[in-house]
Each structure stands twice: as structure tokens, then as C-alpha cells.
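Asks: Before anything else, here's the structure in question.
Residue numbers (this note's numbering): 6 to 127.
Now the structure itself:
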């Protein structure tokens with residue numbers, strides 16, 4: 006009895022192999038998109054504060070922190086007490102990732118990539 010169930014399961018999976026491959030491909034593509042969108046701001050920040058970066062040069066005044074600007078030759082030093090952790094630090098990254106996933110899903114839906122006009126219903 007269990008052997009016939011296993012044969013039936015294998016037959017159903019192999020007949021839907023292209024659909025499973027298609028779903029796995031898009032899942033992987035969306036996951037990579039979210040990872041790149043989530044980690045690119047963090048990578049930019051880490052590279053801006055690295056010791057070799059021109060952005061991370063020290064300010065002349067004690068108790069101040071240099072804030073990276075678009076042009077490395079411009080210097081903006083602010084008091085260090087303005088920089089502290091907030092409660093939004095825990096909310097913003099997951100919210101940003103959720104927005105990226107939702108937008109990616111809507112893009113896939115807008116291109117109708119999951120629809121096949123010639124598909125036969127089983």
C-alpha cells in the first residue's frame with residue numbers, strides 16, 4: 006500500500022517538474038533581490054566608516070563625530086550626544102525588507118510571470 010502511494014507521489018511530482026522548477030527559480034530570484042536591497046545600505050555604511058575611508062577622518066573638536074557627506078572634501082562635525090540607538094533601529098530593517106518583498110511580488114504579478122495562457126487545469 007505505501008509503495009503505491011510513493012509511486013503516485015513521484016508520478017505527480019515528475020509531471021509538475023517544470024512548475025516546481027519555475028517556482029524555485031523565482032523564489033531564489035526574489036530572495037537574492039531582498040538580500041541585495043537589505044545589505045547594500047549596511048555595506049555602504051561599513052565602508053564609509055572603515056579606517057581607510059576618507060569619510061572617517063577625525064574631527065578637530067573633542068566630543069564631535071564626523072558625518073559622511075557626498076563629497077569627501079566637505080566636513081560636517083556634530084556633537085556625539087546626537088548619535089544614539091533608538092527603538093526604530095529594530096523596526097526599520099524588517100519593515101524595509103517586507104516592502105521589498107511585497108514590491109517584488111507585485112512586479113512578478115504585473116509581468117504575469119506566473120500565468121500561462123495555454124495551461125491545462127488538472
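Every residue gets a Cβ at the ideal spot worked out from N, C-alpha and C, and that includes glycine.
Nothing here was measured: the structure is a model prediction, and the numbers come from that model.
#1: So, with DSSP's three-state summary, where would you put residue 73?
#2: Pairs of beta-carbons, one from the region 67-76 and one from the region 85-97, closer than 8 angstroms: are there three or more?
#3: With DSSP as the reference, label residue 83 as helix, strand or coil.
#4: Report back the beta-carbon spacing between residue 35 and residue 106 to the nearest angstrom; my notes put them in contact at under 8 angstroms.
#5: Between residue 48 and the ligand ADP, is the CB less than 7 angstroms from at least one heavy atom?
#6: Can you tell me where the alpha helix (DSSP H) holding residue 57 begins and where it ends?
Replies: So, to answer that:
#1: coil
#2: yes
#3: strand
#4: With 8 angstroms as the limit, residue 35 and residue 106 qualify as a contact, their Cβ atoms being about 7 angstroms apart.
#5: Ligands in the displayed structure: none, and consequently the ligand ADP is not present.
#6: First-last for residue 57: undefined, no H or E at that position.
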